[in-house]
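Numbering (full-length UniProt numbering), first residue to last: 1 to 343. Every residue gets a Cβ at the ideal spot worked out from N, C-alpha and C, and that includes glycine.
1) Confirm, please, whether the CB-CB distance from residue 114 to residue 353 is below 7 Å.
2) Nearest to residue 245 by alpha carbon, out of 95, 163, 116, 125?
3) Name the two residues that bound the continuous beta strand (DSSP E) containing residue 66.
4) For residue 199, does the three-state DSSP call read helix, strand or coil?
5) Helix, strand or coil: which one does DSSP assign to residue 225?
6) How is the alpha helix (DSSP H) around residue 182 delimited, first residue to last?
7) Note down the Cα distance separating residue 123 from residue 183, rounded to an integer number of angstroms.
8) So residue 370 is in the alpha helix (DSSP H); what residue range does that whole segment cover?
9) Check whether the segment 206-224 touches the segment 287-307, taking contact to mean three or more Cβ pairs, one atom from each stretch, closer than 8 Å.
10) Just to confirm, is the Cβ distance from residue 247 to residue 323 under 7 Å?
11) Please confirm if the segment 251-267 is in contact with the segment 74-90, defined as three or more CB-CB distances below 8 Å between the two stretches.
12) On the DSSP bridge list, what partners appear for residue 191?
13) Using only CA atoms, which one of 180, 158, 306, 269 lies nearest to residue 287?
14) Indicate the three-state DSSP secondary structure (helix, strand or coil) for residue 158 in the structure shown.
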């Protein structure tokens, strides 16, 4: 039996990701993967991070995620970030999240107060962009520091939400549920002094309700900060043309304490700066944001009940003491007059 015709086994070589040309990865592979997966790979894999280190790549990802990042004000601000758009994406893709008992005291380095901060706002419905806006808030004035903190987006011009208008033909309950499930808000605060940013809105609404005064729809987004401060973002939808069209009349940002009081610009700016620096970033599970906000509302209710009970007890105690001061002298005078009568 001859062995001359038997060939030796061919050695097989497994293709590694490092063998693929970087341009093939960025142009033909990553473009077919969703943004979240691309970002996750780029932030966790050393090779993908090296491949995706080009700022143009991250600029495309940011622009496809937030239309507002294409604004010149945002582009100029992100140019100063340590890693440009990659740093911004890492800061902003996931919303702020704080575990119970979290404190801002992890970093006690004093923060430089910015003269302004930038708000990049994007409203989506069924993952389609409805409207975007970028505005600058001047924080250098004493009026800002002392007044109630409030920033408004889309207030100067009414936005016709044609995508939502198509779905509002259903009954009110169905329409409200559709908004709860499909409308999303991103409100990103950019701090030029820290060269950092944070998304301070819950991704989905924590409540959708019909306003009791005029029947307009109030959509509330919220994130609970340390010190039990609520970052509250309220979008108002108004009806026009006999209820056939839906118009966005504005989105308002405020910070409120446990008593529901609007915080001042000075206090709000401090809390926002510290949250941007020290706050955790997390992709919330389905329904988690609503649950956290519901727990916060319940805490506020219990706090209010305790304060009301304390107030009632204090009022009764003051009334009892006041009555005692009135009755006691009368009794003493009556006792003295009785003692002075002849037997």
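Reading off the structure:
1) The structure shown does not extend to residue 353, since the chain spans only 1 to 343, so no value can be given for it.
2) 163
3) Looking at the DSSP string, residue 66 is not in any beta strand (DSSP E), and its letter there is neither H nor E.
4) strand
5) strand
6) 172-182
7) 7 Å
8) With the chain represented from 1 up to 343, any question about residue 370 goes unanswered, as that position is not in the structure.
9) yes
10) no
11) no
12) 196
13) 180
14) coil
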